[in-house]
Amino acid sequence: MAEFINESMILDSLRNHPHIVNFIGISCNPDVGPAIITSWMEHGTLTNIIGLDPPSQYRRQMVEQIVDGMSFLKASNVIHGDLKSSNILISYNGRACIADFGLSRFAGNWRSSPPTVAFGLQIAESTLSWLLRVPYPTDCNTRVGAGSPRWMAPELLLPSQWESAHTTFESDIFALGMVIYEVGS
Numbered sequence: 002m003a004e005f006i007n008e009s010m011i012l013d014s015l016r017n018h019p020h021i022v023n024f025i026g027i028s029c030n031p032d033v034g035p036a037i038i039t040s041w042m043e044h045g046t047l048t049n050i051i052g053l054d055p056p057s058q059y060r061r062q063m064v065e066q067i068v069d070g071m072s073f074l075k076a077s078n079v080i081h082g083d084l085k086s087s088n089i090l091i092s093y094n095g096r097a098c099i100a101d102f103g104l105s106r107f108a109g110n111w112r113s114s115p116p117t118v119a120f121g122l123q124i125a126e127s128t129l130s131w132l133l134r135v136p137y138p139t140d141c142n143t144r145v146g147a148g149s150p151r152w153m154a155p156e157l158l159l160p161s162q163w164e165s166a167h168t169t170f171e172s173d174i175f176a177l178g179m180v181i182y183e184v185g186s
């Protein structure tokens, strides 16, 4: 549940950027569990689009949009932690949107209080009382080894050989380079 709260808070803080998936809200159904609600992306993932062998002009446009989204993440102090082509969704009008913030985190220290009104996150009262009974993460930097190996920076793949084995802006840039390589190949 801590990861769900973290992902919801991050998505809520990134609202209204054309190259970040649009966060609509959350739903907590006791029978199904919590869910993050985002805009529907009709064209699936960037992986799907690459498989269609689009023209080079469209590929370049996709790369520019992804770089714009990653620049916004950096400016927002958010480390994605799992950037790859299958975590980039394509909207109805062909726009690339970075998605899946399940391994994301804010750079630096975490707040120690639960997200009651953090970033203006709108949570129904009935959901809030249930949600706040769940322990809130005070350290979300413990996901060593999580991610997708093909897109992971060397320090994440071989943490014993590096000072830090946690995702960073720099490891996101490595993953971005791998995405660019995928799009251009």
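Going by this note's numbering, the letters in the sequence shown line up with residues 2 to 186, in that order.
The beta-carbon is built from N, C-alpha and C at its ideal position, and this holds for glycine as well.
Straight-line gap, residue i to residue j (C-alpha atoms, nearest Å)
i	j	result
Val145	His167	Note that Val145 has pLDDT 45, beneath the 50 cutoff, so the model's placement of it is unreliable and the number below is only indicative. So the alpha carbons of these two residues sit roughly 6 Å apart.
Arg60	Ser72	18 Å
Pro55	Gln62	11 Å
Gln58	Asp101	26 Å
Burial state of residue i (16 or more Cβ within 10 Å)
i	result
Ile99	buried
Val33	exposed
Val118	Note that Val118 has pLDDT 39, beneath the 50 cutoff, so the model's placement of it is unreliable and the number below is only indicative. Answer is exposed; the Cβ neighbour count stays below 16.
Arg106	buried
Arg112	The predicted model places Arg112 with a pLDDT of 43, which falls under 50 and marks its position as unreliable; any figure quoted below should be read in that light. It counts as exposed.
Gly52	exposed
Ser186	exposed
Glu8	buried
Gly82	buried
Glu183	buried
Residue-level contact to chain B via CB, residue i, 7 Å cutoff
i	result
Asp69	Chain labels in this structure do not include chain B; a single protein chain is all it has.
Spatial neighbours of residue i in its chain, beta-carbon cut-off 8 Å, leaving aside the 5 residues before and after
i	result
Phe170	Lys75, Ile80, Ala108
Ile11	Val79, Phe102, Ser105, Arg106, Phe107
Bridge-paired residues (DSSP) for residue i
i	result
Ile174	Ile174 is not bridged to any residue.
Thr39	Phe24
Nonlocal neighbours in the same chain, by C-beta distance under 6 Å from residue i, ignoring five residues either side
i	result
Leu47	Ser86, Ile89
Ala36	Ser28
Gly187	Examination of residue 187 is not possible in this model, given that the chain is present from 2 through 186 alone.
Helix, strand or coil at residue i according to DSSP, with G and I counted as helix
i	result
Thr46	strand
Arg106	strand
Leu12	helix
Leu53	coil
Gly82	coil
Ala76	helix
Close Cβ partners of residue i (< 7 Å) along its chain, the five nearest in sequence each way excluded
i	result
Arg16	Phe24
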